[in-house]
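Okay, structure first, notes after.
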Amino acid sequence: MIVSKENIESLIPQRPPFVMIDNLTASGEKSTSTSLQVRPDNIFVEDGKFREPGLLENIAQTAAARVGWISQSLNQPVPVGYIGAVKNFEILNLPSVDDMLETEITIANEIFDVTVVNGTIKCKGLVVAKCEMKIFITKT
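Whatever position you read off the sequence shown (first residue = 1), add 672 for the working numbering.
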């Protein structure tokens with residue numbers, strides 16, 4: 673684990689109750705991984721299931737954690753990013769309360785302030801959701 677739950681907010685602009693990642697587990701040049709334990713008080717839990725907006729936000733925050741990690745290593749402020757587009761969003765199963773999610777994003781393309789990532793969320797070793805996401809990064 674690179675960054676634990678106690679310090680994850682240093683990498684992303686989101687704040688509770690909107691934080692959808694717990695730990696930064698790995699980060700390299702082209703991929704980043706995070707984990708999240710689905711809690712019953714999560715704002716995206718409904719009827720014991722972690723709903724679609726939470727899954728998308730989990731992927732987006734994994735991408736944000738990558739940028740935050742890089743920015744911190746360069747002693748630069750953590751920038752804010754915005755979801756510009758989502759393509760091929762597929763949900764195979766909605767995770768339940770207490771499930772541990774493992775999310776990985778891989779960089780498909782980076783041009784100027786636009787990053788395209790492929791995101792995959794796994795639970796118990798099985799893919800539960802995936803998509804392609806275009807993210808716009810604002811310069812601070």
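Idealized CB from N, CA, C, for every residue including glycine.
Those residues which DSSP pairs with Gly791 across a bridge
Walking along the sequence shown from the start, residue 791 turns up at place 119. Ile777 and Cys803, per the DSSP bridge assignment.
Let me know the secondary structure DSSP gives Asn814 once reduced to three states.
The shown model of the chain, from 673 to 812, leaves out residue 814, and the question about it has no answer.
Please work out which residues of its chain come closer than 8 Å, Cβ to Cβ, to Val788, disregarding the five sequence neighbours upstream and downstream, and give them in chain order.
If you number the sequence shown from 1, residue 788 lands on position 116. For Val788, where only same-chain residues beyond five positions count, the Cβ hits under 8 Å are Ile779, Ala780, Asn781, Glu782, Glu804, Met805, Lys806 and Ile807.
Does Asn747 pass the burial test, meaning 16 or more other C-beta atoms within 10 Å, or should it be called exposed?
Stepping through the sequence shown from its first residue, residue 747 is reached at position 75. That one is exposed.
Relative to the alpha-carbon of Val752, which residue among Ser745, Val786 and Lys796 has its alpha-carbon at the smallest distance?
Along the sequence shown, one-based indexing puts residue 752 at 80. It is Val786 whose Cα lies nearest to the Cα of Val752.
From which residue to which residue does the beta strand (DSSP E) around Phe716 run?
Within the sequence shown, residue 716 is the residue found at index 44, counting from 1. Here Phe716 belongs to no beta strand (DSSP E), and DSSP marks it neither H nor E.
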